[in-house]
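Residue numbers (the numbering used here), protein chains in the order written: chain A, 1 to 280; chain B, 1 to 224.
Cβ atoms here follow ideal geometry from the backbone N, Cα and C, with glycine treated the same way.
In this text the structure is predicted, and so the values were computed from the model without any measurement.
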Amino acid sequence: MHLPQIAFVAPRVALTYSDHLRRLLELGAREGLIDAVEIVPSGYMLAGNHGLLHERLATLGLPYTFHFVEGSLASADFPTNNPCAAMAALLERFDPLHVSDHLTAARIGDEDLEMNLPILMTDASLAVCVDNLEQFRAAIGASCPVLIEHVPCYFRFRDSTWEPPAFFAAVVERSGCDVLLDLHNLYCDEINQGQSAEAFIDALSPASIREIHLAGGDHIPGADYVDSHDKDVPARVFELLEYVLERSSPELIVLEREHRFGEPEQVMNDLGKIRELSGG
Amino acid sequence: MVELAREREALARAQRELLVGLRDFGPDDPWWREHLVDPISPELLAYLQAAMTRTLAARFAVYFPNFARHAQLGPEALIDRVRVAVVCAPPKRGLDAFFAAGLELCEGFDEPGAWRDLLRLERANYLARVETPLRRAELVAALRDAQPPSYDERGVDDRGPFGFVRLETNMVDLWLVPERSPNQAVRWGPEREVMSYWSLARHGFRLVEVKSMRELCISLAVQG
């Protein structure tokens with residue numbers, strides 16, 4: 001009996017878009033290292049700025065994904081305090097590969113720190129997160145997959161009753177969202193909290209992992225390792241990429257490099273390594 | 001559903017405590033020991049506070065780039081002097097929050113009227129950039145129907161499809177030569193009462209004398 005052959009489709013590789021990186025992006029595309037870009041739409045969310053984003057995307061001519069940072073999807077007051085209307089207006093005019101945001105609680109009422117902060121992990125917060133995500137998906141009306149990203153656990157709450165891998169997996173399963181797996185966030189947790197990155201990955205359904213983020217970070221002198229997006233990707237993060245790719249078939253891998261571009265060839269090296277490992 | 005609403009209330013209290021703590025508490029505050037498995041290190045707290053300050057400074061500069069540059073508002077100055085929550089949703093609330101904080105900041109500067117004018121003009125300019133433009137005919141019609149401006153405590157009239165800002169000094173030259181600071185600008189001429197309206201059609205604003213404001217606005221709009 002002949003089994004049907006399933007064609008292997010290599011994931012797209014993307015770099016986070018920044019206007020001052022346009023030449024680097026064009027070079028990466030020309031050399032076949034990237035075939036998509038990640039857009040953080042914060043600066044384009046107002047209607048008057050949609051045209052600017054259109055112009056920039058047209059110049060690049062690459063598929064793109066939208067990675068939002070304003071959602072604060074675990075906030076207790078998310079149903080009445082969210083930017084979904086602006087996101088929906090943006091999505092009406094664009095056609096991203098994926099839409100994603102973070103499972104964090106950086107905003108309550110008028111307090112908004114715009115950061116990725118660890119969240120309380122209890123049965124109650126799980127119920128709130130799942131309800132928020134249902135409302136999020138309905139409100140933004142995306143026609144593409146909606147992904148959620150876990151954030152680094154720089155600290156843990158005494159009142160938490162769930163471990164991070166099980167909590168995040170439960171949110172994913174119950175909400176029906178897919179996963180943006182950030183391997184550098186897992187690396188931070190491995191260093192700072194001793195949490196096994198592989199255990200986090202294994203807790204997830206392989207089919208739910210649709211996008212992967214890679215980055216480099218920094219040691220704060222005398223303290224934690226942080227997700228600063230300003231260094232080369234550590235070797236351990238590439239090991240984790242291999243581990244994930246043996247188990248799942250993400251459609252997109254994004255290199256998040258947002259600061260310190262003094263040596264662009266190192267960024268290109270990281271992109272080349274991603275290409276090599278992902279079979280593209 | 002009632003139960004979830006109750007859960008949300010309790011969770012909101014806990015989340016607010018964390019946000020306030022990250023912004024205002026030192027590493028020795030008992031809150032950290034009571035609520036975290038391991039106490040937060042001074043270095044990590046400093047890193048998180050610096051990151052939030054950079055976000056604050058970047059957001060402020062998006063709304064008011066000239067004000068931030070002329071006033072030399074670095075992150076430290078902002079976090080020390082502008083204790084304002086960073087609000088991103090809806091975006092207009094963020095603009096208003098920073099505008100109010102900026103007006104407070106102006107009180108500590110020399111020539112506060114000039115600094116307030118700069119802030120008001122930048123607010124108008126920001127809105128002109130992000131609002132959907134009116135067509136010329138719509139703009140003229142709106143101006144003809146406009147009530148005389150009625151300014152709030154911010155020196156702004158936001159009621160119509162276009163807005164008015166009250167200026168306290170002669171800022172025309174400052175705007176035309178933006179590398180000059182407000183302190184220099186006010187030395188160029190005597191203070192006089194002028195007003196500005198921003199034209200969505202032209203993505204810019206106009207300055208006019210008080211006594212013939214409406215007629216001049218219409219005239220300028222028609223002239224394009």
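| Helix, strand or coil at residue 229 (chain A) according to DSSP, with G and I counted as helix | As a position in the first sequence, residue 229 (chain A) is number 229, starting the count at 1. Residue 229 (chain A): coil per DSSP, three-state reduction.
| query | Got a sec, what are the start and stop residues for the alpha helix (DSSP H) residue 120 (chain A) sits in? | reply | Reading the first sequence from its first residue, position 120 is the one you call residue 120 (chain A). Taken as a continuous stretch (DSSP letters only), residue 120 (chain A) belongs to no alpha helix (DSSP H), as it is neither H nor E.
| Any chain C beta carbon closer than 8 Å to residue 158 (chain A) | As a matter of chain content, chain C is missing from the structure shown, whose protein chains are A and B.
| field | Nearest-angstrom Cα separation, counted from residue 65 (chain A) out to residue 101 (chain B) | value | Residue mapping note: residue 101 (chain B) aligns to position 101 of the second sequence, counting from 1. Residue mapping note: residue 65 (chain A) aligns to position 65 of the first sequence, counting from 1. Each residue's Cα considered, the two are about 35 Å apart.
| request: Put residue 64 (chain B) into one of helix, strand or coil per three-state DSSP. | output: Locating residue 64 (chain B) in the second sequence gives position 64, where the first residue counts as 1. Three-state result, residue 64 (chain B): coil.
| Chain-ordered chain A contacts of residue 38 (chain B) [CB-CB under 8 Å] | The count along the second sequence starts at 1 and reaches residue 38 (chain B) at position 38. Per Cβ cutoff of 8 Å: 155 and 156.
| For a contact meaning CB atoms closer than 8 Å, what does residue 103 (chain B) contact in chain A? | Position 103 of the second sequence, counting from 1, holds the residue named residue 103 (chain B). Here the premise fails: no neighbours, minimum Cβ distance about 17 Å.
| Can you tell which of A:51, A:60, A:221 and A:120 has the C-alpha that lies nearest to the C-alpha of residue 18 (chain A)? | Position 18 of the first sequence, counted from the start, is the residue given in the question as residue 18 (chain A). The residue with the shortest Cα to Cα distance from residue 18 (chain A) is A:60.
| query | Bridge partners of residue 211 (chain A), per DSSP? | reply | Position 211 of the first sequence, counted from the first residue, corresponds to residue 211 (chain A). Answer is A:180 and A:252, bridged to residue 211 (chain A).
| So is residue 227 (chain B) in contact with chain A if we call contact Cβ pairs under 8 Å? | With chain B covering only 1 through 224, there is no way to say anything about residue 227 (chain B).
| query | Secondary structure at residue 112 (chain A), three-state DSSP: helix, strand or coil? | reply | Numbered from its first residue, the first sequence carries residue 112 (chain A) at position 112. Residue state, collapsed to three classes: strand.
| According to the Cβ coordinates, are residue 38 (chain A) and residue 15 (chain A) closer than 8 Å? | Looking up residue 38 (chain A) in the first sequence gives position 38. Looking up residue 15 (chain A) in the first sequence gives position 15. Yes, the Cβ-Cβ distance between residue 38 (chain A) and residue 15 (chain A) is below 8 Å.
| CA nearest to the CA of residue 121 (chain A), picked from A:96, A:54, A:167 and A:101 | Position 121 of the first sequence, counting from 1, holds the residue named residue 121 (chain A). Here the closest residue by C-alpha is A:167.
| Going by beta carbon distance, what residues of the same chain come within less than 7 Å of residue 109 (chain A), once the five residues before and after it are set aside? | Reading the first sequence from its first residue, position 109 is the one you call residue 109 (chain A). Around residue 109 (chain A): 77 and 81.
| message | Any contact between the region 253-261 of chain A and the region 230-245 of chain A? By contact I mean 3 or more CB pairs, one from each, below 8 Å. | response | yes
| request: Count the CB pairs spanning the region 216-228 of chain A and the region 33-43 of chain B that are closer than 8 Å, and state whether there are at least three. | output: yes
| Skipping 5 residues on each side, what residues in its chain have a beta carbon closer than 6 Å to that of residue 175 (chain A)? | Within the first sequence, numbered from 1, the residue matching residue 175 (chain A) stands at position 175. So the qualifying residues of the chain are 130 and 133.
| query | What residues in the region 203-226 of chain A bring their beta carbon closer than 7 Å to a beta carbon of chain B? | reply | Within the region 203-226 of chain A, the qualifying residues are 220, 221, 222, 223, 224 and 226.
| field | Euclidean distance between Cα positions of residue 252 (chain A) and residue 11 (chain A) | value | As a first step, residue 252 (chain A) is located in the first sequence; it is residue number 252 there, counting from the start. As a first step, residue 11 (chain A) is located in the first sequence; it is residue number 11 there, counting from the start. Pairing residue 252 (chain A) with residue 11 (chain A), the inter-Cα distance amounts to about 5 Å.
| For the putative contact between residue 73 (chain A) and residue 112 (chain A), defined by C-beta atoms under 8 Å, what is the C-beta separation to the nearest angstrom? | Residue numbering aside, residue 73 (chain A) sits at position 73 when the first sequence is read from its first letter. Residue numbering aside, residue 112 (chain A) sits at position 112 when the first sequence is read from its first letter. 14 Å between Cβ atoms; not a contact.
| said: Can you tell me which residues form a DSSP beta bridge with residue 175 (chain A)? | reply: Translated into the one-based positions of the first sequence, residue 175 (chain A) becomes position 175. Answer is none; residue 175 (chain A) lacks a bridge partner.
| request: Spell out whether any CB of chain B is found under 8 Å from the CB atom of residue 125 (chain A). | output: Counting from one through the first sequence, the residue named residue 125 (chain A) turns up at place 125. By this cut-off, residue 125 (chain A) is an interface position.
| field | Members of the region 96-118 of chain A near chain B, C-beta cut-off 8 Å | value | 105, 106, 107, 108, 109, 110, 111, 112, 113, 114, 115 and 117
| Leaving out the 5 sequence neighbours to the left and right, which residues in its chain are closer than 7 Å to residue 154 (chain A) when beta-carbon positions are compared? | Stepping through the first sequence from its first residue, residue 154 (chain A) is reached at position 154. So the qualifying residues of the chain are 118, 192 and 224.
| said: Here's a check: name, in chain order, each residue in its chain whose Cβ is nearer than 7 Å to the Cβ of residue 50 (chain A), leaving out the five neighbours to either side. | reply: Position 50 of the first sequence holds residue 50 (chain A). Once the five neighbours on either side are set aside, the close Cβ partners of residue 50 (chain A) are 44, 90 and 93.
| query | With a cut-off of 8 Å, does the C-beta of residue 120 (chain A) fall near any C-beta of chain B? | reply | Residue 120 (chain A) sits at position 120 when you count from the first residue of the first sequence. Yes, because at least one Cβ of chain B sits closer than 8 Å to the Cβ of residue 120 (chain A).
| message | Between residue 15 (chain B) and chain A, is any beta-carbon pair separated by less than 8 Å? | response | In the second sequence, counting from the first residue as 1, residue 15 (chain B) sits at position 15. Taking Cβ atoms only, chain A reaches closer than 8 Å to residue 15 (chain B), which makes this a yes.
| request: Under 7 Å between beta-carbons, which chain B residues line up against residue 131 (chain A)? List them in chain order, please. | output: Taking the first sequence and counting its residues from 1, one reaches residue 131 (chain A) at position 131. Ordered by position in chain B, the residues that pass the 7 Å Cβ test against residue 131 (chain A) are 4.
| contact_flag[the region 169-183 of chain A, the region 136-149 of chain A] where n(CB pairs < 8 Å) is 3 or more | yes
| Amino acids of chain B, ordered along the chain, whose beta-carbon sits closer than 9 Å to that of residue 76 (chain A) | Counting from 1 along the first sequence, the entry for residue 76 (chain A) is found at position 76. Correct list: 7, 8, 9, 10, 11, 12, 13, 14, 15 and 16.
| field | Where residue 70 (chain B) falls, given that 16 or more other Cβ within 10 Å makes a residue buried | value | As a first step, residue 70 (chain B) must be located in the second sequence, where it is residue number 70. With 16 or more Cβ atoms within 10 Å of its Cβ, residue 70 (chain B) is classed as buried.
| field | Same chain only: Cβ atoms within 7 Å of residue 206 (chain A), ignoring 5 sequence neighbours per side | value | Sequence index remark: in the first sequence, residue 206 (chain A) carries index 206 (1-based). Closer than 7 Å at Cβ, skipping near neighbours: 247 and 248.
| message | Against residue 23 (chain B), what residues of chain A qualify as contacts under a CB-to-CB distance less than 9 Å, listed in chain order? | response | One-based indexing of the second sequence puts residue 23 (chain B) at position 23. Residues of chain A passing the Cβ test: 111 and 113.
| Roughly how many angstroms separate the alpha carbons of residue 212 (chain A) and residue 278 (chain A), rounded to a whole number? | Walking along the first sequence from the start, residue 212 (chain A) turns up at place 212. Walking along the first sequence from the start, residue 278 (chain A) turns up at place 278. Each residue's alpha carbon lies about 11 Å from the other.
| query | For residue 64 (chain A), which beta-bridge partners are listed by DSSP? | reply | On the first sequence, residue 64 (chain A) is found 64 positions in, with the first residue counted as 1. Looking at the DSSP assignment, residue 64 (chain A) forms a beta bridge with A:37.
| residue 34 (chain B): buried (16+ other C-beta within 10 angstroms of its C-beta) or exposed? | On the second sequence, residue 34 (chain B) is found 34 positions in, with the first residue counted as 1. Flag for residue 34 (chain B) reads exposed.
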